[in-house]
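Just so you know, the sequence shown maps onto residues 1 to 324 in this note's numbering. Every residue, glycine too, gets a C-beta built ideally from N, C-alpha and C. All of these numbers come straight from a predicted model, not from anything done at the bench.
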Amino acid sequence: MSEELLRLNKLCVDYKVKDGYLSAVKDVSFSINKGEIFAIVGESGCGKSTIAHSILHLLPEHNEIIKGNIFFNGEDINQYTDKQLESIRGKEIGMIFQNPIDSLNPVYTTGFQVAEGIMLDNVSKTEAWNRVIKLYNDVKMPDAEKRAQSFPHELSGGMRQRVMIAMMLARTPKLLIADEPTTALDVTIEAQILNIIKSLRDEYNTAVMLITHNFGLVAEVADNVAVMYAGEILEQGTVFDIFDNPKHPYTKLLMKALPRKTKKEGRLQTIDGNVPRLTNDKPGCRFENRCPYAMDICKSNDAEKIMVTESHSFNCHMGGVDKQ
Ligand SMILES: Nc1ncnc2c1ncn2[C@@H]1O[C@H](COP(=O)(O)OP(=O)(O)OP(=O)(O)O)[C@@H](O)[C@H]1O
Ligand SMILES: [Mg+2]
1 MSEELLRLNK LCVDYKVKDG YLSAVKDVSF SINKGEIFAI VGESGCGKST IAHSILHLLP
61 EHNEIIKGNI FFNGEDINQY TDKQLESIRG KEIGMIFQNP IDSLNPVYTT GFQVAEGIML
121 DNVSKTEAWN RVIKLYNDVK MPDAEKRAQS FPHELSGGMR QRVMIAMMLA RTPKLLIADE
181 PTTALDVTIE AQILNIIKSL RDEYNTAVML ITHNFGLVAE VADNVAVMYA GEILEQGTVF
241 DIFDNPKHPY TKLLMKALPR KTKKEGRLQT IDGNVPRLTN DKPGCRFENR CPYAMDICKS
301 NDAEKIMVTE SHSFNCHMGG VDKQ
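Right under this line is the structure:
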């Protein structure tokens, strides 16, 4: 029986901007089970990182309004104080950022930085160092012992990302949030890093929230997918639901835009029109101005969620009408 680990319930995040509030995330709900790889895909600026940062209370302070619930192991961590959250950050929920150089301290060896995290759990220095070497081998770091003694600037981008993954795994978190973990890497290294994430999931039953705009990665590793547009999830389902039976016009357009033969390797293409900037939270579908099937009702009313199957849902006034 799969057990629920994380559940977002109607998460809304508004950023304070010069001319009011920008609705960056609106009514986002989804859940991730233990050991599941859940991908969030969407164009740049659609709110993916905002969701990740809300979970770990990493949003800039006093600059946003967050509403809704973030249940982790059944507790609403959105209500936690920063101090309460401190006990979860790193230990229960780890995060890999897009650019690992920003997250590593330039003046310490990478091995020392990984060992520091391990020693937080009252582990001796020698034992921590042994674990670092084991982790470096787990993440397929070439020449593990030597690399543990290297400084961040002495490593390649792929090696640094391996350090970040080792650092997260050192504390065997139940959930790993990977925000575009491979964007800065070339394709072969990207594939290796994803295989590591996948095999670690298999070994430790770690759940992974994988944020990406690369559909190839999604097809390769994810179990379930949420498709985001302008702060909202428009469709979610299993990888098979999304790739083989997309229902929302936006998902369909995205799928069409992927080159046929290389569908599973394709990056998210941009489609005509601009993502609206939502400073006032007007009702209606946010994709309406780019949707080939838009109707009057789409401008004025939010679309209800339609369940295709127990695992597959989408929000659209077109309902089940299957226009191509
Ligand atoms: N601190 C902030 N203050 C004001 N607006 C912000 C802030 N951070 C993000 N935004 C805006 O919120 C929206 C969502 O941004 P977010 O970084 O979550 O997008 P994203 O999907 O992660 O994009 P990318 O794929 O480029 O990383 C964007 O319109 C962005 O400009
Ligand atoms: Mg982002």
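query	result
Option nearest I93 by Cα separation, candidates I177, E127, L8	I177
Length of the line joining the Cα atoms of F314 and D241	11 Å
Three-state class that DSSP yields for G45 in the structure shown	coil
Anticipated Cβ contact below 8 Å, I297 with H317, distance rounded	5 Å
Whole-Å CB distance - V225 paired with I197, under 8 Å assumed	No, V225 and I197 are not in contact; Cβ-Cβ is about 16 Å, not under 8 Å.
Three-state secondary structure assigned by DSSP to I96	strand
Stretch-stretch touch, CB-based, cutoff 8 Å, three pairs: the region 149-159 with the region 102-116	yes
L253 to D27 span [Cα, whole Å]	23 Å
Any non-hydrogen atom of ligand 1 closer than 7 Å to V17 Cβ	yes
beta-carbon D179 near ligand 2 non-hydrogen atom, thresh 7 Å	yes
Buried or exposed (CB count within 10 angstroms, at least 16 for buried), G45	exposed
Residues that M255 bridges to, as DSSP identifies them	DSSP, once it has assigned bridges, lists no residue as partnering M255.
For K10 and N63, believed in contact at Cβ under 8 Å, the rounded distance	Contact doesn't hold; Cβ gap of about 21 Å is too wide.
Contact between the region 137-156 and the region 76-96 (3+ Cβ pairs under 8 Å)	no
C-alpha distance - E4 paired with L175, whole-angstrom precision	11 Å
Status (buried if at least 16 other CB within 10 Å, exposed otherwise) for K48	buried
L11 Cβ short of 7 Å to ligand 1 heavy atom set	no
Uninterrupted beta strand (DSSP E) stretches inside the region 156-206 (no shorter than 3 residues)	175-179
A294 in three-state terms, based on DSSP	coil
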